[in-house]
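Residue numbers (the numbering used here), protein chains in the order written: chain Z, 15 to 309; chain P, 309 to 659; chain X, 7 to 343.
This is how it looks when you write it as structure tokens:
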């Protein structure tokens with residue numbers, strides 16, 4: 015084992031957890047010491063076993079019994095379980111990256127507030143649409159301190175939305191609106207989520223509308239280009255479809271997210287982006303801990 | 309294909325595809341994954357696709373999943389060595405991922421041999437239930453899946469009522485849960501409902517077919533079904549032994565018709581729809597034995613071991629109007645011709 | 007004599023026709039007239055329902071709460087109904103305050119393949135003791151079997167009726183017969199149909215729906231609605247009366263109400279413009295038409311090209327942002343040619 019790698023575990027062997035695992039196996043800074051779920055026969059577990067990763071079906075107990083083995087845990091279970099896991103992880107001194115909508119810790123959008131997240135022991139990855147839209151809203155908010163209104167619309171492939179996403183659309187909207195508001199400084203925000211069942215599946219697409227009294231389009235374009243480049247460092251499939259354009263008294267920007275196609279299909283950019291963001295955050299913890307400078 | 313073992317097959321393919329290979333154009337340049345790929349259904353699909361590749365440049369790739377891949381090179385050496393056929397040896401229950409290029413799936417993994425249903429029931433049910441789950445779970449992560457064909461069984465209807473000529477897709481009923489004879493049929497019924505769940509939860513395109521009885525090359529004569537036994541008895545010089553009631557009615561579809569029907573339903577079947585696949589032309593065991601016997605110059609004797617239980621008389625004939633009307637499918641090989649070709653293949657191959 | 011329940015979304019679907027700029031006075035005037043005519047259910051709000059006022063689909067002149075307050079004050083016998091689309095409207099922000107404002111009935115809608123996103127909203131309405139209906143939108147896009155499957159989900163969530171919406175105005179009577187028919191045969195709750203008039207089929211399709219077993223029909227004053235408009239309610243009532251169905255609506259007064267609507271609400275009467283025909287053929291959500299016209303003018307494009315491209319992309323309601331993307335793409339394509 016590379017001593018320079020941060021020891022991490024994944025809680026939750028569903029699609030998100032398994033995709034995270036494959037991304038971690040590629041990471042220079044992270045070492046997955048345990049893949050934890052509840053059912054050893056699930057396809058995620060089988061995949062982990064086939065990759066030679068240590069697995070357990072004993073959930074949080076498997077972590078609590080051997081806390082020295084873990085410096086950071088990705089919690090990809092559910093909001094309900096993260097409420098239970100969060101205080102346990104805190105007591106054990108293990109950093110938690112919360113993939114669920116529990117919002118126990120602070121919101122983390124790596125392209126926007128990564129450095130300040132490193133001082134927290136529990137960070138929340140907001141929502142897929144939040145990871146895609148907030149950086150654009152933030153960039154606009156950096157140019158204009160008095161943005162009246164920002165609206166973000168994400169359209170995702172119907173097949174990429176599981177029962178939990180569908181049951182929690184309201185929470186998605188509320189959390190995304192909050193993140194966009196906090197990081198852009200806009201007076202009012204709105205989030206919309208649309209599921210599209212077209213075959214072949216569409217890639218995730220996110221549109222950001224901004225109402226600004228006198229938009230400086232040149233400055234907005236520079237700021238958005240910068241943040242997109244920053245995003246692309248940790249989400250390779252993130253791209254600008256429409257650069258900030260002034261149209262019908264509003265500024266419209268559109269991005270598309272194509273997934274890496276690790277464990278999940280490439281159209282599931284919505285699941286990929288939140289995992290990419292979580293990995294980028296964990297890697298930053300690792301770099302700080304081991305004093306690694308990027309060059 | 310000058311090999312005597314394959315000349316029947318080539319003739320079958322030429323006839324079945326006829327002048328209209330364009331019916332299957334949707335499969336050009338696609339990758340078809342077949343679980344149970346080296347079984348009767350899988351081999352026939354591969355045979356047909358290989359023909360389309362060789363004669364009409366379809367460039368269709370086949371991935372055959374099988375637990376018994378090792379025996380495929382003796383069963384169908386001309387297919388086993390092809391570049392467009394990849395054989396993967398794996399228990400379908402352990403399938404985690406499918407190659408990303410897969411666009412069509414035929415899920416045919418299950419053992420229809422009813423002797424095993426009684427002797428190894430847990431494995432039979434497990435392979436069908438968990439195997440179907442594994443295939444669908446892997447399919448749910450494919451980026452470009454176009455259609456999935458779930459091969460179920462005509463047995464899911466339970467016993468066909470005596471007064472029902474042909475059993476339609478809308479029939480309800482189902483197998484008797486208390487019977488060891490329901491192992492296969494009940495598992496298949498569960499698998500169909502599992503498909504409904506995957507179709508809804510993952511918006512997967514899944515079509516189900518309910519096959520009845522078939523006859524033709526690649527079907528082993530040691531299978532415990534009347535037609536196979538009658539042919540075997542005759543090829544070995546007779547007598548043909550009829551067990552149970554000689555008025556029991558079955559129907560048989562020839563293998564090449566089956567392959568055409570399955571491929572057509574794979575391409576054009578409506579997701580969520582179930583289609584019966586088989587021959588609608590019933591034949592009693594007595595007629596069947598006589599028909600087989602008539603193919604021999606020295607007609608083998610037919611021995612009937614009578615049983616006095618009327619309950620043993622049964623009927624198992626599908627209503628296939630749905631497939632015939634909505635997909636323009638037809639029966640092109642009648643029972644007499646089907647028996648002739650099957651016997652020729654077995655003779656060539658050497659029983 | 008069979009009773010047909012008529013729902014009147016003039017003040018909701020009609021909102022699309024005027025860019026969601028319906029005023030307080032207009033709501034009050036039409037509610038009074040509809041109430042007097044005995045129209046059983048009057049639907050009010052933004053064209054895409056509660057919480058939908060946005061840059062994406064258009065900002066409302068009035069806040070949702072304001073619209074409901076005025077409608078409530080002017081409806082005595084008619085029930086007040088709202089439309090909610092999960093993904094836009096949430097229970098806390100939109101549904102709860104609406105029920106508190108005195109709404110009697112709620113239509114919870116989803117794209118025709120996504121019924122499962124309506125579970126929580128339908129359950130909430132039922133728990134509050136109000137009428138809950140499920141609406142499937144853009145139903146021309148999928149088979150009757152899929153519609154039955156999705157409608158059954160809504161029924162299992164507690165919907166007291168399921169309405170098939172021909173949101174693109176793409177149906178022909180034969181489609182109605184098949185799709186409404188299968189639902190009427192298999193559901194245990196009433197089935198409804200909501201028509202659009204792009205191919206001039208709204209009344210004919212509504213008649214076909216009733217004949218196939220529907221017992222809820224939508225009609226708006228003079229057809230005031232998105233795109234080419236809906237089924238004219240005054241004609242629908244007359245036709246149903248002639249066919250021997252009862253609606254409980256006073257024919258003279260509903261004719262009067264539609265005149266009130268024409269005078270108070272409409273700058274122009276709904277008509278089938280050439281682009282409405284194209285939109286119907288392309289199978290694009292009727293609510294897109296105003297946006298497409300505006301964007302086409304802005305980018306100097308033929309709106310018909312935009313409609314066909316949108317149809318090809320199989321866009322659903324709520325994807326209005328794609329109109330701009332398609333326009334930019336088409337104009338870039340034109341430049342390179």
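From the three backbone atoms N, C-alpha and C, an ideal C-beta is built for every residue, glycine too.
Bear in mind that the values here come from a model prediction, so they are computed numbers and not experimental data.
Other residues of its chain near residue i: CB distance less than 6 Å, five sequence neighbours each side excluded
| i | result |
| --- | --- |
| residue 92 of chain Z | 114 |
| residue 18 of chain Z | 304 |
| residue 28 of chain X | 21 |
| residue 200 of chain X | 169, 171 and 224 |
| residue 39 of chain Z | none |
| residue 523 of chain P | 535, 560, 646 and 650 |
| residue 87 of chain X | 47, 49 and 111 |
Residues near residue i in its chain [Cβ-Cβ closer than 7 Å; skip 5 each side]
| i | result |
| --- | --- |
| residue 443 of chain P | 343, 400, 403, 413 and 415 |
| residue 309 of chain Z | Bear in mind that a pLDDT of 48 at residue 309 of chain Z, under 50, signals an unreliable position, so the number given afterwards is only what the model happens to contain. No residues qualify anywhere along the chain. |
| residue 495 of chain P | 432, 433, 436 and 437 |
| residue 627 of chain P | 474, 475, 476, 584 and 588 |
| residue 344 of chain X | Here chain X covers residues 7 to 343 and nothing more, so residue 344 of chain X does not appear. |
| residue 316 of chain P | 525, 649, 652, 653 and 656 |
From the options, residue whose alpha carbon lies closest to that of residue i
| i | options | result |
| --- | --- | --- |
| residue 316 of chain X | X/161, X/122, X/100 and X/335 | X/335 |
| residue 480 of chain P | P/644, P/466 and P/610 | P/466 |
| residue 259 of chain X | X/139, X/41, X/184 and X/233 | X/41 |
| residue 311 of chain X | X/295, X/214, X/48 and X/323 | X/295 |
| residue 47 of chain Z | Z/209, Z/28 and Z/82 | Z/82 |
| residue 149 of chain X | P/566, P/319 and P/578 | P/578 |
| residue 382 of chain P | P/346, P/357 and P/367 | P/346 |
| residue 220 of chain Z | Z/109, Z/210, Z/226 and Z/214 | Z/210 |
| residue 610 of chain P | P/549, P/446 and P/635 | P/549 |
| residue 353 of chain X | X/304, X/156, X/107 and X/318 | With chain X covering only 7 through 343, there is no way to say anything about residue 353 of chain X. |
| residue 386 of chain P | P/357, P/580, P/397 and P/407 | P/357 |
| residue 24 of chain X | X/107, X/277 and X/273 | X/273 |
| residue 116 of chain X | X/252, X/277, X/107 and X/126 | X/126 |
Extent of the continuous beta strand (DSSP E) to which residue i belongs
| i | result |
| --- | --- |
| residue 572 of chain P | Premise fails: residue 572 of chain P lies in the alpha helix (DSSP H), 563-576, not in any beta strand (DSSP E). |
| residue 117 of chain X | 111-117 |
| residue 45 of chain Z | 44-50 |
| residue 141 of chain X | 137-143 |
Where residue i falls: helix, strand or coil (DSSP)
| i | result |
| --- | --- |
| residue 59 of chain X | coil |
| residue 544 of chain P | coil |
| residue 26 of chain X | coil |
| residue 612 of chain P | strand |
| residue 268 of chain Z | strand |
| residue 225 of chain Z | strand |
| residue 244 of chain X | helix |
| residue 372 of chain P | strand |
| residue 199 of chain Z | coil |
| residue 651 of chain P | helix |
| residue 452 of chain P | coil |
| residue 309 of chain P | Low local confidence applies: a pLDDT of 42 at residue 309 of chain P is under 50, so the model's placement there is unreliable, and no value is given. |
| residue 19 of chain X | helix |
| residue 318 of chain X | helix |
| residue 522 of chain P | strand |
| residue 183 of chain Z | helix |
| residue 603 of chain P | coil |
| residue 64 of chain Z | helix |
Same chain only: Cβ atoms within 8 Å of residue i, ignoring 5 sequence neighbours per side
| i | result |
| --- | --- |
| residue 194 of chain Z | 144, 147, 148, 151, 164, 166, 200, 203 and 205 |
| residue 530 of chain P | 536 and 540 |
Span of the alpha helix (DSSP H), counted from its first residue to its last, around residue i
| i | result |
| --- | --- |
| residue 198 of chain X | Premise fails: residue 198 of chain X lies in the beta strand (DSSP E), 197-200, not in any alpha helix (DSSP H). |
| residue 91 of chain Z | Counting along the chain, residue 91 of chain Z falls outside any alpha helix (DSSP H), and DSSP gives it neither H nor E. |
| residue 304 of chain Z | Run containing residue 304 of chain Z: none; DSSP gives neither H nor E here. |
| residue 638 of chain P | No alpha helix (DSSP H) contains residue 638 of chain P, which DSSP labels as neither H nor E. |
Going along the chain, which unbroken runs of the beta strand (DSSP E) with 3 or more residues stay wholly within the stretch 237-261 of chain Z?
List check, beta strand (DSSP E) in window: 252-261.
Whole runs of the beta strand (DSSP E) within the stretch 43-93 of chain X, excluding any shorter than 3 residues
As far as the stretch 43-93 of chain X is concerned, its whole beta strand (DSSP E) runs of at least 3 residues are 47-50 and 85-90.
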